[in-house]
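This note's numbering applies: residue 287 is where the sequence shown begins, and numbers increase by one. Accompanying notes for the structure given below.
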Amino acid sequence: MGIAINFLMQKGVELDLPNMKYRELMSWYGIKFGKWKQLPDIEYISIFETKKSSRFRAGGGNATYISEVIFKLNMFYQRNKHITLLATKNKDKVMEIATIISQELNVQLNIATK
Numbered sequence: 287m288g289i290a291i292n293f294l295m296q297k298g299v300e301l302d303l304p305n306m307k308y309r310e311l312m313s314w315y316g317i318k319f320g321k322w323k324q325l326p327d328i329e330y331i332s333i334f335e336t337k338k339s340s341r342f343r344a345g346g347g348n349a350t351y352i353s354e355v356i357f358k359l360n361m362f363y364q365r366n367k368h369i370t371l372l373a374t375k376n377k378d379k380v381m382e383i384a385t386i387i388s389q390e391l392n393v394q395l396n397i398a399t400k
């Protein structure tokens, strides 16, 4: 049952750039929940490459670990605070989204990938 719930429920961040707002949301069967907040004064946007590890175990056997490269898109404010907008395996997608947001907000885009 726990696995089925994860497929039906998703978490994320939604931006409303024209109104300078964002919300951390949960979606249940496509219905979004989350309170809109004023977007803080974003200083810069960053893309960085990291690894995500997952552990799998079936039938009480040995655990198997799988590691994959992902790209995270963060908006930084107040020097070291951040809002994670996206974590994906698709580098082209994160680059496209980051470029659009940095242009809309007129902030620097820092890219820390290979």
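For each residue, glycine too, the CB sits at the ideal point set by N, CA and C. Predicted, not measured: the structure shown is a model, and the values here were computed from it.
Report the rounded CA-to-CA distance for residue i versus residue j, giving the unit in angstroms.
i	j	result
N360	H368	6 Å
N371	E300	Looking at the sequence shown, residue 371 is not Asn but Leu. Computed Cα separation, rounded: 8 Å.
N392	W314	34 Å
G389	K297	The question names Gly, yet the displayed sequence has Gln at residue 389. Looking at the two C-alpha atoms, the distance is approximately 25 Å.
A290	M312	Because the pLDDT at A290 is just 46, under 50, the model does not fix this residue reliably, and the value given afterwards should be weighed accordingly. Using only the alpha carbons, I get a separation of about 15 Å.
Y363	E354	28 Å
Taking the alpha-carbon of residue i as reference, which of the options has the nearest alpha-carbon?
i	options	result
L377	K400, Q364, R341	Position check: residue 377 holds Lys in this sequence, whereas Leu was assumed. Selected option, being the one with the closest Cα: K400.
I397	E335, A349, I356	E335
K338	W322, K358, N366	K358
Output the boundary residues of the alpha helix (DSSP H) element that contains residue i.
i	result
K379	377 to 391
Which residue comes first and which comes last in the beta strand (DSSP E) that contains residue i?
i	result
T399	From DSSP, T399 is part of no beta strand (DSSP E); its letter is neither H nor E.
Query raised in the report: If we count Cβ pairs, one from each stretch, closer than 8 Å, do we get three or more for the region 377 to 396 versus the region 326 to 341?
Result: The answer is yes - the region 326 to 341 touches the region 377 to 396, with three or more Cβ pairs under 8 Å.
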